[in-house]
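Undergrad: Protein chains in written order, with the working numbering: chain W, 1 to 383; chain V, 384 to 860.
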Amino acid sequence: MSRSVRSLLSGNEACVEGGLAAGVRFFAGYPISPATEISEGFSQRLPQVGGRFIQLEDELASMSAVMGASAGGVKAMTATSGPGFSLMQESIGMAGMIEIPCVIINVMRVGPASGIATMPAQSDVMQARWGTHGDHPVVVLAPSTVAECFDMVVQAVNISERFRVPVIVLSDAGLGYMREVVTLPDPEELKLWERPRPKDPPEAKTDHTFDADEGGVPPLADFGEGYSIKLEGHVHDYNGMSVTHDSELVEKHLHRLQDKLTKAINEITIFESTGVADAEALIIAYGPVGRSAKHAAAEARANGKKVGVLRLGTLWPFPDKLVAEAAENKSLILVPEMNLGQIVGEIERVTRGTGVPVKALNRNDGQSISPRAMLEAIAAASN
Amino acid sequence: MLRDITKLSDGPVSRLRQEAIELKHTPTTWCPGCGDGIIIQALLRAIAAENLDCRKVAFVAGIGCFGHAGEYLPFDFFHALHGRCLATATGLKLARPDLKVVALIGDGDGLAIGGNHFIHAARRNIDLTVIMFNNSVYGRTGGQVSPTSEVNTKLQTAPYGSIERAFDPCAVAISAGAGHVGRITVYHARQMQIMFQEALRHPGYSFIEVIQNCHVMLGRYNDVGNATQMILGYRDRAINVHLAKTLSADALKDRIVIGRLCYKTFPELTAQHAELSQRLRTVTSPRRGLASSVAVKPTKRIGRCEILLSGTGGQGLQLAGTVFAEAAGILGGFQAVQVQNYGPAPRGGVSTSEVVIADDEVLHPRVEMPDVLLAMSQAAFETYANKVRESGFILYDPMFVKPAVMKVPAHAVAMTEIADQLGRRLVANVVAVGALAKLLGILSIDHLERTLLARIPKGTEALNSKALHAGYEAITV
Ligand SMILES: Cc1ncc(C[n+]2csc(CCOP(=O)(O)OP(=O)(O)O)c2C)c(N)n1
Numbered sequence: 001m002s003r004s005v006r007s008l009l010s011g012n013e014a015c016v017e018g019g020l021a022a023g024v025r026f027f028a029g030y031p032i033s034p035a036t037e038i039s040e041g042f043s044q045r046l047p048q049v050g051g052r053f054i055q056l057e058d059e060l061a062s063m064s065a066v067m068g069a070s071a072g073g074v075k076a077m078t079a080t081s082g083p084g085f086s087l088m089q090e091s092i093g094m095a096g097m098i099e100i101p102c103v104i105i106n107v108m109r110v111g112p113a114s115g116i117a118t119m120p121a122q123s124d125v126m127q128a129r130w131g132t133h134g135d136h137p138v139v140v141l142a143p144s145t146v147a148e149c150f151d152m153v154v155q156a157v158n159i160s161e162r163f164r165v166p167v168i169v170l171s172d173a174g175l176g177y178m179r180e181v182v183t184l185p186d187p188e189e190l191k192l193w194e195r196p197r198p199k200d201p202p203e204a205k206t207d208h209t210f211d212a213d214e215g216g217v218p219p220l221a222d223f224g225e226g227y228s229i230k231l232e233g234h235v236h237d238y239n240g241m242s243v244t245h246d247s248e249l250v251e252k253h254l255h256r257l258q259d260k261l262t263k264a265i266n267e268i269t270i271f272e273s274t275g276v277a278d279a280e281a282l283i284i285a286y287g288p289v290g291r292s293a294k295h296a297a298a299e300a301r302a303n304g305k306k307v308g309v310l311r312l313g314t315l316w317p318f319p320d321k322l323v324a325e326a327a328e329n330k331s332l333i334l335v336p337e338m339n340l341g342q343i344v345g346e347i348e349r350v351t352r353g354t355g356v357p358v359k360a361l362n363r364n365d366g367q368s369i370s371p372r373a374m375l376e377a378i379a380a381a382s383n
Numbered sequence: 384m385l386r387d388i389t390k391l392s393d394g395p396v397s398r399l400r401q402e403a404i405e406l407k408h409t410p411t412t413w414c415p416g417c418g419d420g421i422i423i424q425a426l427l428r429a430i431a432a433e434n435l436d437c438r439k440v441a442f443v444a445g446i447g448c449f450g451h452a453g454e455y456l457p458f459d460f461f462h463a464l465h466g467r468c469l470a471t472a473t474g475l476k477l478a479r480p481d482l483k484v485v486a487l488i489g490d491g492d493g494l495a496i497g498g499n500h501f502i503h504a505a506r507r508n509i510d511l512t513v514i515m516f517n518n519s520v521y522g523r524t525g526g527q528v529s530p531t532s533e534v535n536t537k538l539q540t541a542p543y544g545s546i547e548r549a550f551d552p553c554a555v556a557i558s559a560g561a562g563h564v565g566r567i568t569v570y571h572a573r574q575m576q577i578m579f580q581e582a583l584r585h586p587g588y589s590f591i592e593v594i595q596n597c598h599v600m601l602g603r604y605n606d607v608g609n610a611t612q613m614i615l616g617y618r619d620r621a622i623n624v625h626l627a628k629t630l631s632a633d634a635l636k637d638r639i640v641i642g643r644l645c646y647k648t649f650p651e652l653t654a655q656h657a658e659l660s661q662r663l664r665t666v667t668s669p670r671r672g673l674a675s676s677v678a679v680k681p682t683k684r685i686g687r688c689e690i691l692l693s694g695t696g697g698q699g700l701q702l703a704g705t706v707f708a709e710a711a712g713i714l715g716g717f718q719a720v721q722v723q724n725y726g727p728a729p730r731g732g733v734s735t736s737e738v739v740i741a742d743d744e745v746l747h748p749r750v751e752m753p754d755v756l757l758a759m760s761q762a763a764f765e766t767y768a769n770k771v772r773e774s775g776f777i778l779y780d781p782m783f784v785k786p787a788v789m790k791v792p793a794h795a796v797a798m799t800e801i802a803d804q805l806g807r808r809l810v811a812n813v814v815a816v817g818a819l820a821k822l823l824g825i826l827s828i829d830h831l832e833r834t835l836l837a838r839i840p841k842g843t844e845a846l847n848s849k850a851l852h853a854g855y856e857a858i859t860v
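(1) Among V:Glu737, V:Ser676, V:Ile777 and V:Pro786, which has the Cα closest to the Cα of Met178 (chain W)?
(2) Quick check: Phe223 (chain W) and Gly353 (chain W), are their CB atoms within less than 9 Å of each other?
(3) How about Pro166 (chain W): is its C-beta nearer than 9 Å to some C-beta of chain V?
(4) Nearest-angstrom Cα distance between Asn596 (chain V) and Pro457 (chain V)?
(5) Check each residue of the region 576-599 of chain V: if its Cβ is closer than 7 Å to any Cβ of chain W, include it; give the result in chain order.
(6) Val593 (chain V) to Ala452 (chain V), Cα distance in whole Å?
(7) Of all the CB atoms in chain V, is at least one closer than 9 Å to the CB of Gly240 (chain W)?
(8) From Phe717 (chain V) to Ala820 (chain V), what does the alpha carbon distance come to, in whole angstroms?
(9) Quick one: Cα of Gly642 (chain V) to Cα of Ala541 (chain V), how far?
(10) Is Arg459 (chain V) close to ligand 1? I mean its beta-carbon at under 8 Å from any heavy atom of the ligand.
(11) For a test of your reading of the model: does the CB of Gly366 (chain W) fall under 8 Å from any non-hydrogen atom of ligand 1? Yes or no.
(12) Ends of the alpha helix (DSSP H) at Arg3 (chain W)?
(13) Could you give the residue range of the alpha helix (DSSP H) that holds Cys15 (chain W)?
(14) Under 8 Å Cβ to Cβ from Lys483 (chain V), same chain only, skipping five residues before and after it: list those, please.
(15) Residues in the same chain with beta-carbon distance under 6 Å from Thr183 (chain W), minus the five sequence neighbours each way, listed in chain order, please.
(16) Determine the burial state of Pro480 (chain V): buried for a count of at least 16 other Cβ atoms within 10 Å of its Cβ, exposed for fewer.
(17) Cα separation between Gly372 (chain V) and Ala79 (chain W)?
(18) Label Asp743 (chain V) either buried or exposed according to how many other C-beta atoms from any shown protein chain fall within 10 Å of its C-beta, with 16 as the threshold for buried.
(19) Any beta carbon from chain W within less than 9 Å of Ala441 (chain V)'s own beta carbon?
(20) Quick check on Ala360 (chain W): does DSSP put it in helix, strand or coil?
(21) Could you check what DSSP says for Asp211 (chain W) in three-state terms: helix, strand or coil?
(22) Out of W:Gln258, W:Ser39, W:Pro196 and W:Glu225, which one is the CA nearest neighbour of Asp135 (chain W)?
(23) Please report how far the alpha carbon of Thr667 (chain V) lies from the alpha carbon of Gln44 (chain W), in whole angstroms.
(24) Provide the residue(s) that pair with Met515 (chain V) in DSSP beta bridges, ordered along the chain.
(25) Would you call Ile421 (chain V) buried or exposed, if buried means 16 or more other Cβ atoms sit within 10 Å of its Cβ?
(26) What I want to know is whether the C-beta of Val528 (chain V) ends up closer than 8 Å to one or more non-hydrogen atoms of ligand 1.
(27) Can you name the start and end residues of the alpha helix (DSSP H) that His295 (chain W) belongs to?
(28) If you draw a straight line from the alpha carbon of Leu464 (chain V) to that of Arg506 (chain V), how long is it in whole angstroms?
(29) Taking the Cβ atom as the reference point for each residue, do Phe26 (chain W) and Ala76 (chain W) lie within a distance shorter than 9 Å?
(30) Is Asn605 (chain V) near ligand 1, with its Cβ less than 8 Å from a heavy atom?
(31) Determine, using beta carbons only, whether Ile338 (chain W) and Pro120 (chain W) come nearer to each other than 9 Å.
(32) State yes or no: is the C-beta of Thr799 (chain V) within less than 9 Å of the C-beta of Ala811 (chain V)?
(33) Express the C-alpha separation of His408 (chain V) and Thr389 (chain V) in angstroms, rounding to a whole number.
(34) How long is the line joining the alpha carbons of His462 (chain V) and Ala559 (chain V), rounded to whole angstroms?
(35) Check Glu188 (chain W) in the structure and name its three-state DSSP category.
(36) Quick check: the Cα distance between Cys437 (chain V) and Ile430 (chain V), rounded to an integer number of angstroms?
And the structure:
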């Protein structure tokens, strides 16, 4: 019998449920609005299931501890908001470099520096991709509903484990605090992906035990199994030995980090398309703005106007092909974002030369973008 | 192949190096005469002498010359970011208390960029064996000033001699709460091994500072001599902690006090976590509010209904919103969203709760044009009354609201007065829920009552039920 449960949960609470259901048993964090409830939830629940929660001295420590725990073979995550997310950047690059699975939830707030702690924005989209140095690999997901907070945290853990890559979930203050009636699936019915393991036992370890598979993902053993594994933040070979003067090896390593995600693009890309095929105007949106866009499209359809929505669940790696195909022959693409214009640049890049006009609709005052504003923007552009 | 260093004898250094350090890693990154090798060899001897299972020994290091040690050794190794060794080690140890975690830090790595972790790891008393390679200089980056560089040392970034006073790492560790603290120098290789063994055995946070020569980087502009001269200098300056206790501060000037400086035991962090987990094994947190495993089908279709509850903080509008959302979503079979206290609110403690109920997905999650407005303050009325949809209505409390003439119906229910009569002004919100339920007609009063009773403090059930029904009865349309 299925043990799915229907209840009223906030986005932050759903993130906790998602993490637990995905098997996360380690959480390290530092309090910050509007993400604090995620830490609080884990602090209450993890000890009950034999997991470990620790509040550390800052976000630098939190991300480092998460990586340490993951090296021990325990699924690990953290949650923060803008200021803390900035502090985590160096470590996020580290996680990409040593290919250690971990999940970071950023419950976005509006504005730089301290901004406004309890007001939402989508202004960390580019930071999530490019916030740390060195062309690192990263996957970024953006949930739009409370139910999706659960689903995407599960998916984030899955992707992170399977492809050995840090996965960032971009929630926001609106979604984190919003409460919605959701039906959570029975955790036992969830499909969980595991990190690839070495085929050779520790005694039989060779120089090739940690070579990558066809997908470009090398196996990972836990600390304590006897493999004597090296997690090395410098550029390294499969055995974790740093390579300094071998440009060929350096290039091979850094390219593989990106290639493994390109190869997995179909498994990584989450999206929802609503009335895209016959639409004249297309709205491309993500996060809670994505659901408002669907609202706008439904209203437009009710009035005989063909508006479609491509809602991006995966923001990075950016789904070029998906967007290019959706954009074909549209008379207009509207990109509403709660920031000063970030993902719109990617859409312009992908549609360059096709003649399809791309129009940004931005709001960066902590308020959501209403369906009416989207419809007005479409009408204004069509005139 | 993994080598079993537990089989290593305490034999000649050359043999040790051959067996434990894979030869392909030599020459190491370290300069000839560097103290790093002496420290690592003492550590290997200590691990062997303690008979530790090398599969269960994990190394974590920060960034600096010393940090490369882990690459050469037959243990699991995490080469963490500059300064983050102790935070990384904390995560590893907490997740895997079965591992013996050895953390290698430098003076710059551990006390400058990683200073915050240095004090907090000590405070937490987590079972780590922490070894600081203190060469009083940033070696890796070519000889810049470090938090342990002595005043007047000439360095790449202190070309006129360093001005700032140096840290005493052991004093910092002790004052931060470390239980087991010791200092030694690279001259004292044998004693170092014994101190490492004690540190490995100590069931809590251990910190050993090793004073180490860097004749290359420190020696660049300072007359420190060659490696041998520097190391012999440590021999001459070292004084045992017991002897040091009998001497005056003056006599101890320029001396290096070596030995165990502090030994105390405190409850250990990972053990405390394990204990907590054991205690909570059979506990599950009580869920607030309703939860249901049965999917209910709504009895009618309502399209989309936007409810805005507004008044003053403390009037219980969030609870009212929650009750609507939960009753609609869990018992009524609709979809429901609640957004709290958010939006363009006028100043002055205004509290709003938005609820959107729909047959299918709630798309836009915000109330843009309320079908229903509950106004429990004049400010709420003035801000939101003119936004109500033409087909909608307003419910207000005449104790707080003097309504303007509106195009939409406005119903007055003396909710606060009714609550006062019931004996608790606090339940005015519940009276409002009852009245709204009647006016709205899409949620059953039964469902609302069940939801409400699952949310309120024990012992107030009768009062709340009464208030709910009083509100319901107050509407006579
Ligand atoms: C965030 C960051 N800042 C600066 C550096 C550059 N860096 C590498 S090692 C080092 C100093 C190491 O000094 P210490 O910890 O004393 O170790 P040593 O090299 O002397 O053994 C610095 C500043 C870095 N790797 N990362």
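C-beta: ideal position from N, C-alpha, C; glycine also. Because the structure is a prediction, the values reported are computed rather than measured.
TA: Looking at the coordinates:
(1) Taking the Cα of Met178 (chain W) as reference, the smallest distance to any Cα among V:Glu737, V:Ser676, V:Ile777 and V:Pro786 is reached at V:Glu737.
(2) no
(3) no
(4) So the two alpha carbons sit approximately 26 Å from each other.
(5) none
(6) CA-to-CA, the gap between Val593 (chain V) and Ala452 (chain V) works out to about 15 Å.
(7) yes
(8) 15 Å
(9) Our two residues, Gly642 (chain V) and Ala541 (chain V), have alpha carbons roughly 31 Å apart in a direct line.
(10) The residue you asked about is not Arg; residue 459 (chain V) is Asp in the sequence shown. No, the beta carbon of Asp459 (chain V) sits no closer than 8 Å to any heavy atom of ligand 1.
(11) Distances from the CB of Gly366 (chain W) to the heavy atoms of ligand 1 are all 8 Å or more.
(12) It is not in any alpha helix (DSSP H) - Arg3 (chain W) carries neither H nor E in the DSSP assignment.
(13) Gly11 to Ala21
(14) Leu435, Lys439, Val440, Ala441, Thr512 and Leu583
(15) Ser4 and Arg6
(16) buried
(17) There is simply no residue 372 (chain V) to check, as chain V begins at 384 and stops at 860 in what is shown.
(18) exposed
(19) yes
(20) strand
(21) coil
(22) W:Gln258
(23) 9 Å
(24) V:Ile488 and V:Glu592
(25) buried
(26) Val528 (chain V): no, Cβ never under 8 Å from ligand 1.
(27) Pro288 to Ala302
(28) Taking the straight line from one Cα to the other gives about 22 Å.
(29) Yes.
(30) no
(31) For the record, residue 338 (chain W) in the displayed sequence is Met; it is not Ile. In this structure, Pro120 (chain W) lies closer than 9 Å to Met338 (chain W) by Cβ.
(32) yes
(33) Note that Thr389 (chain V) scores a pLDDT of 44, beneath 50, so its modelled location is shaky; the value from the coordinates is reported in the next line. Their backbone Cα atoms lie some 20 Å apart in a straight line.
(34) 25 Å
(35) helix
(36) 8 Å
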